[in-house]
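What follows is a short report on a single structure.
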Amino acid sequence: MTISERLEAAFITGDRWKLYLSGVGITLEIAVLAGILGIIIGTCLALMKLSRTGEGKPTILSYIATVYIDVIRGTPSVLQLLIMWFIIMASSSNGILVASLSFGLNSGAYVSEIVRGGILAVDKGQGEAGRSLGLSKAQTYRYIILPQAAKNVIPPLGNEFITLIKETAIVGYVSLSDLTRVANQVASRTYDAFMPLIGAAVIYFVIIKVLTILLGKFERRMRKSDNR
Amino acid sequence: MITVKNLYKEFTDHDGKVNEVLSGINYEINKGEKIVIVGPSGSGKSTFLRCLNLLEVPTSGQIIFDGEDITAKGVDINKVRQRMGMVFQNFNLFNNLTVMQNITLAPVKLGIMTEEDARLKALELLRRVNLTDKANVYPASLSGGQKQRIAIVRSLCMNPEVMLFDEPTSALDPEMVGEVLDVMKQLADEGMTMVVVTHEMGFAKEVATKVLFVDEGKILEENTPKEFFENPQSKRLQDFLAKVL
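In structure tokens form, the structure reads like this:
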């Protein structure tokens, strides 16, 4: 077979390109939903983990967050996905929802450490200045600390989202037809692994390259207050 | 105006070792006074100042501000702090906000002024320190002296009854010290009650109503500036002055 025949078999015959397209759709849908969930859960966990009592001791919420982060980081994400699919959400037939939830809960643990680091990297004096003016702790966080922390966390958060996009490739385990699974299916149909698998790899690469460029632009915009 | 009774402050490090920084401070600050606190580094003078608005929570003792014991349980410390301005060694302007936003954030968010009133007041204060043209820039583009003058303005916009200064000129390049001290002198002339921790002995001589010498967590000596510098009583203060003057 010539290269063009192989390309045709991998992408054109039987409108197979539509399969890849829907695979990309599923991959991105899960990644975006999980990413949003991860940021929400991660921010909550970070604030919980940093919470202190009046005497400066960690609160019960802080311990809960620590346990959650330990459990999530201490188990494989494939296993978490399988547990979510076959045990916790076994009654649900919405695979995308289950997968998004599973990845979101997983990502939240990693994001929480990113956010916590971002908050701790804000100079202590910023918070003290806010409190010295009479602003409450919550107001100081909202108007001063979190906006500065947000700027700190964009690069590692972008990194986390990129990891997340690629990690969704394991949803084939729960029979969702994401990009990786589609490519694999085409490969077994056409008895030619090269074109579909390399094709899928190129698609992942392009998605992530575009995302990297957008993140870089966003980061520069967020840094405008640093400009001299 | 502020009465400090039996103030103790201990810090416990990670190994559980206790370090007593303030060892029983008693003092009374009256309205309109300018108290300047000097002492060697590590003497506890900054900690003392930071206890006055409870940025450091005292281990024991009382701080009575305007008749109210602010160390008591149930006191709304945020309300108290609205009446006490504080200026820091490292300026601590909010990096994510413009100069104008830095000044108006607290009065507006605390519901003390409308956005418009706060803006007008901020502009008037900026005019006093000759920085009106910096209203819309971010702190990163300012010099140290400019930052500190704006930090003072930010505190003043809350109409405080007392201003606390924690080594306000220590982080400045030498040529910028003057512009900050000038603003502080102006403030003193207007009758503001001030508590200033500083190494600027010239400022102490010129502006202070009382100078305190703090060492090893205690007020070792307290006097008018003239007596303090010309007639130091304790050996430790004599040694200290010999080193810094």
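Protein chains in written order, with this note's numbering: chain A, 1 to 228; chain B, 1001 to 1245. A virtual CB, placed ideally from N, CA and C, is assigned to each residue, including glycine.
If you follow the alpha helix (DSSP H) that residue i is part of, which residue opens it and which one closes it?
i, result
"Tyr173/A", "Unbroken run through Tyr173/A: none, as it is neither H nor E."
"Ser1023/B", "Per DSSP, Ser1023/B belongs to no alpha helix (DSSP H); it is in the beta strand (DSSP E), Val1018 to Ile1029."
"Lys48/A", "Per the sequence shown, residue 48/A should be read as Met rather than Lys. Run containing Met48/A: Arg16 to Leu50, per the alpha helix (DSSP H) assignment."
"Ile1035/B", "Per DSSP, Ile1035/B belongs to no alpha helix (DSSP H); it is in the beta strand (DSSP E), Lys1034 to Val1038."
"Glu1120/B", "The sequence given here places Leu at residue 1120/B; Glu does not occur at that position. Where Leu1120/B is concerned, the enclosing alpha helix (DSSP H) stretches over Glu1115 to Arg1128."
"Arg116/A", "Gly95 to Leu120"
"Met1158/B", "Per DSSP, Met1158/B belongs to no alpha helix (DSSP H) and is neither H nor E."
"Arg223/A", "Looking at the DSSP string, Arg223/A is not in any alpha helix (DSSP H), and its letter there is neither H nor E."
"Ala187/A", "Leu179 to Thr190"
"Ala1242/B", "Lys1235 to Val1244"
"Val1207/B", "Met1201 to Val1207"
"Lys1045/B", "Lys1045 to Leu1052"
"Ser4/A", "Ile3 to Leu7"
"Thr140/A", "Lys137 to Thr140"
"Thr1104/B", "Val1099 to Lys1109"
"Gly1074/B", "Counting along the chain, Gly1074/B falls outside any alpha helix (DSSP H), and DSSP gives it neither H nor E."
Could you please give the first and the last residue of the uninterrupted beta strand (DSSP E) stretch that includes residue i?
i, result
"Lys1210/B", "Lys1210 to Asp1215"
"Asp1189/B", "No beta strand (DSSP E) contains Asp1189/B, which is instead part of the alpha helix (DSSP H) from Pro1174 to Asp1189."
"Thr1003/B", "Ile1002 to Thr1012"
"Lys1218/B", "Lys1218 to Asn1223"
Any C-beta of chain B sitting closer than 9 Å to the C-beta of residue i?
i, result
"Leu101/A", "no"
"Arg52/A", "no"
"Arg221/A", "no"
"Lys224/A", "yes"
"Gly118/A", "no"
"Lys151/A", "yes"
"Tyr141/A", "no"
"Ile144/A", "yes"
"Pro76/A", "no"
"Glu128/A", "yes"
"Asp178/A", "no"
"Pro147/A", "yes"
"Arg16/A", "no"
"Asp123/A", "yes"
"Ser62/A", "no"
"Leu157/A", "no"
"Arg181/A", "no"
"Gly23/A", "no"
Establish whether the CB of residue i and some CB of chain A are separated by less than 9 Å.
i, result
"Arg1081/B", "yes"
"Met1194/B", "no"
"Arg1119/B", "no"
"Lys1109/B", "yes"
"Met1184/B", "no"
"Ser1234/B", "no"
"Gly1085/B", "yes"
"Arg1154/B", "yes"
"Ala1140/B", "yes"
"Phe1011/B", "no"
"Met1001/B", "no"
Evaluate residue i with the Cβ neighbour count: other Cβ atoms within 10 Å of its Cβ, from every protein chain shown; 16 or more gives buried, anything less gives exposed.
i, result
"Ser92/A", "exposed"
"Gly1227/B", "Residue identity differs from the one stated: residue 1227/B is Glu in this sequence, not Gly. It counts as exposed."
"Val1018/B", "exposed"
"Gly1032/B", "exposed"
"Ile213/A", "exposed"
"Arg181/A", "buried"
"Asp239/A", "There is simply no residue 239/A to check, as chain A begins at 1 and stops at 228 in what is shown."
"Gly148/A", "Note on identity: in this sequence residue 148/A is Gln, with Gly being the wrong assignment. Classification of Gln148/A: buried, given that the 10 Å Cβ count is 16 or more."
"Asn1102/B", "buried"
"Arg1050/B", "buried"
"Asp1133/B", "exposed"
"Trp17/A", "exposed"
"Ile12/A", "exposed"
"Gln1082/B", "buried"
"Val274/A", "Only positions 1 to 228 of chain A appear in the structure, and residue 274/A is not among them; the question remains open."
"Asn94/A", "exposed"
Can you tell me which residues form a DSSP beta bridge with residue i?
i, result
"Pro1058/B", "Paired residue(s): none; Pro1058/B is not in a bridge."
"Leu1164/B", "Met1086/B and Val1195/B"
"Phe1065/B", "Ile1002/B and Glu1068/B"
"Pro58/A", "Arg52/A"
Check your understanding: Counting Cβ pairs, one atom from each stretch, are 3 or more of them under 8 Å apart for the region 146-159 of chain A and the region 218-225 of chain A?
Key -> Flag = yes, the region 146-159 of chain A and the region 218-225 of chain A touch.
Review point. Is the region 165-176 of chain A in contact with the region 22-32 of chain A, if contact means three or more CB pairs nearer than 8 Å?
Key: The region 165-176 of chain A makes contact with the region 22-32 of chain A: 3 or more CB pairs, one atom from each, lie closer than 8 Å.
Point to revise | Three-pair Cβ contact test at 8 Å for the region 76-94 of chain A versus the region 41-61 of chain A | key: Short answer: they don't touch.
**Study point:** At least three beta-carbon pairs within less than 8 Å, the region 2-10 of chain A to the region 140-148 of chain A
**Key:** Result no; under three Cβ-Cβ pairs closer than 8 Å.
Check your understanding: Touch check for the region 1060-1071 of chain B and the region 103-115 of chain A: three-plus C-beta pairs under 8 Å?
Key -> The answer is no - the region 103-115 of chain A does not touch the region 1060-1071 of chain B, with fewer than three Cβ pairs under 8 Å.
Review point. Do the region 1177-1185 of chain B and the region 1144-1152 of chain B touch if we need at least three Cβ pairs shorter than 8 Å?
Key: Judged by Cβ distances under 8 Å, the region 1177-1185 of chain B makes contact with the region 1144-1152 of chain B, as three or more pairs qualify.
Practice item. Specify whether the region 1041-1059 of chain B and the region 125-136 of chain A touch according to this definition: at least 3 beta carbon pairs, one from each stretch, less than 8 Å apart. Key: Cβ pair count under 8 Å is three or more, so yes.
Check your understanding: When the Cβ atoms of the region 1028-1045 of chain B are set against those of the region 1213-1220 of chain B, are three or more pairs found closer than 8 Å?
Key -> Contact between the region 1028-1045 of chain B and the region 1213-1220 of chain B is present: three or more C-beta pairs spanning the two stretches fall below 8 Å.
Review point. Any chance the region 1153-1171 of chain B sits against the region 1190-1198 of chain B, with 3 or more Cβ pairs inside 8 Å?
Key: The answer is yes - the region 1190-1198 of chain B touches the region 1153-1171 of chain B, with three or more Cβ pairs under 8 Å.
Review point. Are the region 187-196 of chain A and the region 1018-1029 of chain B touching by the rule of at least three beta carbon pairs closer than 8 Å?
Key: Put simply, the region 187-196 of chain A does not touch the region 1018-1029 of chain B. Fewer than three CB pairs are less than 8 Å apart.
**Study point:** Three or more C-beta pairs below 8 Å linking the region 1224-1239 of chain B and the region 1182-1195 of chain B
**Key:** By the C-beta criterion, the region 1224-1239 of chain B is judged not to be in contact with the region 1182-1195 of chain B, since fewer than 3 inter-stretch pairs fall below 8 Å.
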